[in-house]
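Here the structure comes first, spelled out in structure tokens, and everything after it is commentary.
Residue numbers (the working numbering): -12 to 434.
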């Protein structure tokens, strides 16, 4: 970090309360989201495939939970027990159905309002991450960007799915990691994180795993990054015991669901069982880098019949074996698909052509621009040794990794978008400072 940046961060870290976002920004963010979701009638779900667009597989499972079939039936009809998706969001949606009716307009409004609250609360995490790693000015602009930029709220206001909850939990994990390393605190040389913070670390990761296990690749790196800031003399015995406590809490979060899956399927399924099917749909004979939805059980009647006849575990194993055979037969094609998915993840996922050229062009331009400035901001932060920059680097590296090999969608980038917003603001703030320095320097020279 440069001397001016370091001085600014130290100064603001000692001011009170630097890491606390003004609640005004949160309330404005929430009002904007609720108003748009309500007035744009986002709560009126499209009546496709018998209300399938209301939560898709998660909506079907929530309906089954509420109507007495248990955690089952992710597609049309009664197909039996499932572990196709992680369980937390379907449970939340089932509670919504219990309180407000299955597939009702009120239920739709309430679950989207719940997502809007989570998304608006990310103003607080965005602010704190930026304030701890950079300064108050970056925090202020980042928080307002998250509050008002339409792309940051798009999933909360119209998608009944887990990405808002996933992004919310992940942003709090990043905040907690920064707190445990005491980055941005007035006194950065302080005792190692105690058992309470490690317990919260394990709990947050356990809840996130039950929401979207794809992010678990980041868990060990995040834990090691925190430990890297702990003095060696503090590692034993207290710190090791605290890490063990975090691991125990994390395992305890997953254990009931894993035991349920063992009893139901007689197979070890820690969280989700759909990897083999998704691997085939992303890399099968007609794959172009995206999911072959036309061959998915929710669209293809022959696949749905096969899924129902074989059962979920056998069906997924069969599709997974087919995918592995295709990959082994033509590894070059698989590598090309992975490269294409890498491009899609960072520089725009294709959308249906019937949305219009201008809409598609504007969406792609926005997606590409935010990725580019976020990555450039990360590079600058690494170059200037900004505290937390390496944590961001590992998040950018590891969170998308699974998607490169399986399938990709624009929503998969959502957990990284608070960091992208912060790094973009940091990049432009740094460019502004550099321009001012050069301009004043030139004037002084001419004089």
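Each residue gets a CB set at the ideal place from its N, CA and C atoms; glycine is no exception.
Compute the Euclidean distance between the alpha carbons of residue i and residue j, then round it to the nearest angstrom.
{"i": "residue 279", "j": "residue 322", "result": "18 Å"}
{"i": "residue 24", "j": "residue 102", "result": "11 Å"}
{"i": "residue 105", "j": "residue 316", "result": "45 Å"}
{"i": "residue 93", "j": "residue 77", "result": "17 Å"}
{"i": "residue 299", "j": "residue 256", "result": "12 Å"}
{"i": "residue 13", "j": "residue 157", "result": "18 Å"}
{"i": "residue 349", "j": "residue 189", "result": "40 Å"}
{"i": "residue 417", "j": "residue 110", "result": "22 Å"}
{"i": "residue 308", "j": "residue 387", "result": "23 Å"}
{"i": "residue 30", "j": "residue 230", "result": "43 Å"}
{"i": "residue 179", "j": "residue 211", "result": "14 Å"}
{"i": "residue 243", "j": "residue 395", "result": "30 Å"}
{"i": "residue -8", "j": "residue 372", "result": "The predicted model places residue -8 with a pLDDT of 48, which falls under 50 and marks its position as unreliable; any figure quoted below should be read in that light. In a straight line, the C-alpha of residue -8 is about 11 Å away from that of residue 372."}
{"i": "residue 3", "j": "residue 161", "result": "Low per-residue confidence applies at residue 3: pLDDT is 41, beneath 50, and the placement is therefore not dependable, though the value from the model is reported in the following sentence. Answer to the nearest angstrom: the Cα atoms are 21 Å apart."}
{"i": "residue 213", "j": "residue 170", "result": "11 Å"}
{"i": "residue 38", "j": "residue 146", "result": "14 Å"}
{"i": "residue 90", "j": "residue 297", "result": "29 Å"}
{"i": "residue 233", "j": "residue 193", "result": "9 Å"}
{"i": "residue 74", "j": "residue 402", "result": "19 Å"}
{"i": "residue 83", "j": "residue 216", "result": "42 Å"}
{"i": "residue 366", "j": "residue 326", "result": "21 Å"}
{"i": "residue 353", "j": "residue 285", "result": "31 Å"}
{"i": "residue 254", "j": "residue 72", "result": "16 Å"}
Please report the residue range of the alpha helix (DSSP H) in which residue i lies.
{"i": "residue 38", "result": "No alpha helix (DSSP H) contains residue 38, which DSSP labels as neither H nor E."}
{"i": "residue 381", "result": "376 to 385"}
{"i": "residue 218", "result": "Counting along the chain, residue 218 falls outside any alpha helix (DSSP H), and DSSP gives it neither H nor E."}
{"i": "residue 320", "result": "318 to 334"}
{"i": "residue 169", "result": "That residue, residue 169, is in no alpha helix (DSSP H); it is neither H nor E in DSSP."}
{"i": "residue 11", "result": "10 to 26"}
{"i": "residue 84", "result": "75 to 87"}
{"i": "residue 45", "result": "43 to 53"}
{"i": "residue 392", "result": "388 to 392"}
Judging by CA-CA distance, which residue of the options is the nearest neighbour of residue i?
{"i": "residue 275", "options": "336, 200, 190, 384", "result": "336"}
{"i": "residue 36", "options": "117, 61, 178", "result": "61"}
{"i": "residue 16", "options": "413, 133, 284, 73", "result": "133"}
{"i": "residue 269", "options": "320, 8, 194", "result": "320"}
{"i": "residue 173", "options": "398, 239, 417, 119", "result": "119"}
{"i": "residue 412", "options": "116, 46, 308, 169", "result": "116"}
{"i": "residue 295", "options": "42, 31, 59", "result": "59"}
{"i": "residue 107", "options": "84, 53, 131, 123", "result": "131"}
{"i": "residue 245", "options": "236, 235, 234, 259", "result": "259"}
{"i": "residue 149", "options": "98, 209, 377", "result": "98"}
{"i": "residue 283", "options": "10, 43, 34", "result": "43"}
{"i": "residue 381", "options": "209, 113, 199", "result": "209"}
{"i": "residue 55", "options": "41, 81, 45, 33", "result": "81"}
{"i": "residue 164", "options": "141, 147, 206", "result": "206"}
{"i": "residue 69", "options": "366, 198, 48", "result": "48"}
{"i": "residue 251", "options": "41, 392, 67, 21", "result": "67"}
{"i": "residue 121", "options": "405, 375, 253, 392", "result": "375"}
{"i": "residue 64", "options": "310, 73, 50, 359", "result": "50"}
{"i": "residue 137", "options": "415, 414, 404", "result": "404"}
{"i": "residue 6", "options": "91, 126, 41", "result": "126"}
{"i": "residue 225", "options": "181, 45, 96", "result": "181"}
{"i": "residue 389", "options": "305, 79, 216, 266", "result": "266"}
{"i": "residue 261", "options": "303, 248, 241", "result": "303"}
{"i": "residue 152", "options": "292, 202, 325, 326", "result": "202"}
{"i": "residue 399", "options": "289, 409, 277", "result": "277"}
{"i": "residue 100", "options": "143, 166, 249, 408", "result": "143"}
{"i": "residue 332", "options": "355, 313, 311", "result": "355"}
Can you tell me which residues form a DSSP beta bridge with residue i?
{"i": "residue 100", "result": "DSSP lists no partner for residue 100."}
{"i": "residue 68", "result": "59"}
Please give me, in chain order, every unbroken run of the alpha helix (DSSP H) with length at least 4 that falls completely inside the segment 122 to 152. 123 to 135, 137 to 145
Taking the runs of the alpha helix (DSSP H) that are 4 residues or longer, which of them lie wholly in the segment 227 to 296? 227 to 252, 262 to 270
What alpha helix (DSSP H) runs, 4 residues minimum, are completely inside the segment 174 to 211? Entirely contained in the segment 174 to 211, the alpha helix (DSSP H) runs reaching 4 residues are, in chain order, 182 to 196.
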